[in-house]
Amino acid sequence: MDELDKIRKRKLKELEEKYLGKKGVIDKPIQVTDQTFEDTIRKYPVIVVDFWAQWCPPCHMVAPVIEELAKDYSGKVVFSKLNVGENRITAAKYGIMAVPTLLIFKNGKLMDQVTGALPRQHLEQRIKNIL
Numbered sequence: 620m621d622e623l624d625k626i627r628k629r630k631l632k633e634l635e636e637k638y639l640g641k642k643g644v645i646d647k648p649i650q651v652t653d654q655t656f657e658d659t660i661r662k663y664p665v666i667v668v669d670f671w672a673q674w675c676p677p678c679h680m681v682a683p684v685i686e687e688l689a690k691d692y693s694g695k696v697v698f699s700k701l702n703v704g705e706n707r708i709t710a711a712k713y714g715i716m717a718v719p720t721l722l723i724f725k726n727g728k729l730m731d732q733v734t735g736a737l738p739r740q741h742l743e744q745r746i747k748n749i750l
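Residue numbers (my numbering): 620 to 750.
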């Protein structure tokens, strides 16, 4: 394991500890970066990544929905956020052209993509389809 891998694992562990709820499960969105993205999507069986931007009003509309879903699905689905302005490599790799965009991964494989500020019921159905 090289030094970069050690740093990635340490950062991932720090993020995990920061976002663990009282039940020992992640119950709020975790922040991912270009450096932690690949390790994070492989680590959790089902993970939803919210690609967002600070300047994006629809992203701010979706944020509370993501927070609620993270609580409601804790232990089943991990939710994460990636700021496209600060993490352009990952956004480009997945062809993110509009925000908000949610990517849903299962066992490290991209299963679904949702673009736009959609109602909770729509997002929840897409997640249930993956579970």
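Glycine included, each C-beta is placed from N, C-alpha and C at the ideal position.
Bear in mind the structure is a predicted one, so any value in this text is a computation, not a measurement.
The beta carbon of Leu631 is closer than 6 Å to those of Thr655, Asp658 in its chain, skipping five residues each way along the sequence. Within its own chain, the residues whose Cβ lies closer than 8 Å to the Cβ of Leu688, once the five positions on either side in sequence are excluded, are Val667, Val696, Phe698, Arg739, Leu742, Glu743, Ile746, listed in chain order. Runs of alpha helix (DSSP H) with 4 or more residues, each lying fully within the segment 698–735, are found at 707–712, listed in chain order. A direct Cα-to-Cα measurement between Glu633 and Val718 gives close to 27 Å. Taking a 10 Å sphere around the C-beta of Pro648, we find 16 or more other C-beta atoms and assign the residue as buried. The continuous beta strand (DSSP E) containing Val667 extends over residues 665–671. Counting other Cβ atoms within 10 Å of its Cβ, Ile626 stays below 16 and is therefore classed as exposed. DSSP places Gln740 in the helix class (H, G or I) of the three-state scheme. Cβ neighbours of Asn726 within its own chain (closer than 7 Å, five residues either side excluded): Pro664. Counting along the chain, the unbroken alpha helix (DSSP H) around Pro677 starts and ends at 676–691. Annotation for Asp653: Asn706, Ile708, Thr709 place their beta carbon closer than 7 Å to its own, counting only its chain and skipping 5 residues before and after. Here the C-alpha atom of Ile749 lies approximately 7 Å from the C-alpha atom of Met730. Listed as beta-bridge partners of Ile746 by DSSP are no residues whatsoever.
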